[in-house]
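Encoded as structure tokens, the structure appears first; notes follow it.
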Amino acid sequence: MSQLFAIPRFRLPGLVSTIGVHLPQWPHSLALATALNAAAKVGLLPEDSLAQLEGRSFVVEVVDAGGQACFTYRRGLFRPLFRLPDAPDLSFRANLSAFLQLLARQEDPDTLFFNRDLSITGDTELGLLVKNMLDAVEWPQLPRLPSLRY
Numbered sequence: 006m007s008q009l010f011a012i013p014r015f016r017l018p019g020l021v022s023t024i025g026v027h028l029p030q031w032p033h034s035l036a037l038a039t040a041l042n043a044a045a046k047v048g049l050l051p052e053d054s055l056a057q058l059e060g061r062s063f064v065v066e067v068v069d070a071g072g073q074a075c076f077t078y079r080r081g082l083f084r085p086l087f088r089l090p091d092a093p094d095l096s097f098r099a100n101l102s103a104f105l106q107l108l109a110r111q112e113d114p115d116t117l118f119f120n121r122d123l124s125i126t127g128d129t130e131l132g133l134l135v136k137n138m139l140d141a142v143e144w145p146q147l148p149r150l151p152s153l154r155y
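Heads up: the sequence shown begins at 6 in this note's numbering, then just goes up one per residue.
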């Protein structure tokens with residue numbers, strides 16, 4: 006994927022996290038589960054790997070935003086969890102910039118992990134499976150939008 010711009014490493018102001026942790030977290034879980042289901046439906050996520058996620062729970066925490074998303078994979082669908090699992094099978098924890106760099110393929114998970122920008126805890130084998138799934142995703146090349154001139 007060609008980069009139109011580089012995502013810099015940044016940290017949101019502390020006030021964002023202070024407020025974010027007091028807001029309801031279920032919308033994040035619902036949004037992420039919906040996005041993952043859409044990605045699976047259009048074939049971005051490998052079906053053989055999805056079956057191995059059955060019954061597992063996941064937490065994605067955006068530290069500097071004070072937000073977290075909890076979800077599971079059951080019967081072929083990602084489903085939001087409205088409460089934090091006592092012991093999630095796999096947790097990802099990072100600042101917003103690290104997640105954006107990961108999604109844009111500007112940085113790979115290993116680099117972010119070894120630079121301590123991404124924390125991954127839980128089942129090691131499951132972590133490798135998810136990492137390999139993310140590496141296998143072929144993001145579609147989106148067309149450039151025409152520039153608007155006034």
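Cβ atoms here follow ideal geometry from the backbone N, Cα and C, with glycine treated the same way.
*Can you pull the DSSP bridge partners for T77?*
In the sequence shown, counting from the first residue as 1, residue 77 sits at position 72. Looking at the DSSP assignment, T77 forms a beta bridge with S62 and R84.
*asked:* Taking 8 Å as the cut-off, does the stretch 106-117 touch the stretch 78-93 (at least 3 CB pairs, one atom from each stretch)?
replied: no
*On the three-state DSSP scale, how would you describe L107?*
Residue 107 sits at position 102 when you count from the first residue of the sequence shown. Helix, per DSSP.
*Under the three-state DSSP convention, the category G127 falls into*: Along the sequence shown, read from residue 1 onward, the residue named residue 127 stands at position 122. Strand, per DSSP.
*In the DSSP assignment, find the alpha helix (DSSP H) that holds F97 and state where it starts and stops.*
On the sequence shown, position 92 is the one that residue 97 refers to. Counting along the chain, F97 falls outside any alpha helix (DSSP H), though it belongs to the beta strand (DSSP E) covering L95 to A99.
*Name the two residues that bound the continuous alpha helix (DSSP H) containing W31.*
As a working mapping, residue 31 is identified with position 26 in the sequence shown. W31 to K46 is the extent of the alpha helix (DSSP H) around W31.
*Alpha carbon to alpha carbon, how far is L28 from L101?*
Here residue 28 corresponds to residue number 23 of the sequence shown, with the count starting at 1. Here residue 101 corresponds to residue number 96 of the sequence shown, with the count starting at 1. The straight-line gap from Cα to Cα measures roughly 17 Å.
*Compare the C-alpha of Q57 against each of D122, A11, L131 and K136 and name the closest.*
By 1-based counting over the sequence shown, the position of residue 57 is 52. Among D122, A11, L131 and K136, the Cα nearest to that of Q57 is on L131.
*Grab the span of the alpha helix (DSSP H) containing D115 for me, first residue to last.*
The residue you call residue 115 lines up with position 110 of the sequence shown. Its alpha helix (DSSP H) spans residues P114 to F119.
*asked:* Going by the DSSP bridge assignment, what does G72 pair with across the sheet?
replied: Counted from its first residue, the sequence shown places residue 72 at position 67. Looking at the DSSP assignment, G72 forms a beta bridge with V67.
*asked:* Considering Cα atoms alone, identify which of Y78, L82 and Q106 is closest to L95.
replied: The sequence position of residue 95 within the sequence shown is 90, counting from 1. Selected option, being the one with the closest Cα: Y78.
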